[in-house]
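Q:
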Amino acid sequence: MRTSKRYEFETYLGWIMLFGIGLIISFATWLIAPSSKTYCIYFQLIDATGVKKGTAVKYRGTPVGEVVAVKDMVAKAKMYVKLPKSCFVEANQTGLLNETVIDISPLVISPQLLAPKLEDEQLEEDSILTAYKGVHYDDLVRATTRVAQRLDDPKLFEQASELMCSLTNLSDEMLALIRIWKHIFMNGKNHFN
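Okay, here's the thing in C-alpha cells:
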C-alpha cells in the first residue's frame, strides 16, 4: 500500500514539475518574442555619406535599431525599426571619428504618442520615408575650405591694405579738424569775455 501511495505522489510531483517547467518556458517565450519583432522601413537619403550596414538608428537619442542594408549607397538605406508616423528623420555625423547616425525625432509630442495604444499611428512594414541630411563633417570641411580660399585671395589683402591707408588718412584729417574746432572754440570763448 505504501509503495502505491508513494508512486502516486511521485507521479503527481513529476507532472507538476513538468507543468511548471513548461509554464516557465512558455512565459519566457512570451516575453522574448515581441521584442524580436521588427519592421522593415526604407529611408531615402539625398546623400548617404557614411551610412553603411550596422549604422546606428536612434529615436530621440535612444538606440532602436541599425541599418541592415544600403542600396546603391546613394538614395536608400534599409533598417528595421517601429516608428510613429509623425517623425523627422535625418542622417548626422557625430564625434571625432565622424560616426554616422540616423536620428529620428517626433515632430509633435502629444499624449497620443505616449499612450500604450499606438497601433493606428505606427508605420506599416516596407514604408518609404524621406530622410534629410543633418550635420556632416564633410560640409564643415567644405565650408572651411571656401573660407580659407577667400582669405587666401591676394585681392583681399590689397583691399585690406587700401582700407588701412584710407582709415589712417581719415584719422589724420579728423585730428586736424578737431584741432581747428578747438582753436575756434578757444578763440571764440576769449572773444566773448
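Going left to right, the sequence shown walks through residues 1 to 193 as the UniProt record's numbering numbers them. We put the beta carbon where it would ideally sit given N, CA and C, even for glycine.
#1: Does the Cβ-Cβ distance between Val67 and Lys58 come in under 8 Å?
#2: Between the alpha carbons of Phe88 and Leu140, how many angstroms are there, rounded?
#3: Between which two residues does the beta strand (DSSP E) holding Lys58 run?
#4: Would you report the Cα separation of Pro111 and Ala91, rounded to the nearest angstrom?
#5: So if DSSP puts Phe88 in a beta bridge, which residue, or which two residues, is it bridged to?
#6: For Gly65, does the count of other Cβ atoms within 10 angstroms reach 16, so buried, or fall short, so exposed?
#7: What whole-angstrom Cβ distance do Gln93 and Gly50 have, given they're in contact under 8 Å?
#8: Going by Cα to Cα distance, which pick from Trp181, Ile16, Ala69 and Glu158 is closest to Tyr42?
#9: Within the same chain, show all residues whose beta-carbon is closer than 6 Å to that of Ile102, passing over the 5 residues directly before and after it, in chain order.
#10: Please report the distance separating the alpha-carbon of Ala115 from that of Thr29.
A: With the structure as the only source:
#1: no
#2: 22 Å
#3: Ala56 to Tyr59
#4: Any reading at Pro111 needs caution, since the residue's pLDDT is 48, under 50, leaving its predicted position unreliable; the model's value is listed next. One C-alpha to the other measures close to 27 Å.
#5: Ser105
#6: buried
#7: 6 Å
#8: Ala69
#9: Val57 and Ala91
#10: Its pLDDT being 40, under 50, Ala115 is placed unreliably in this model, and the coordinates cannot settle the point.
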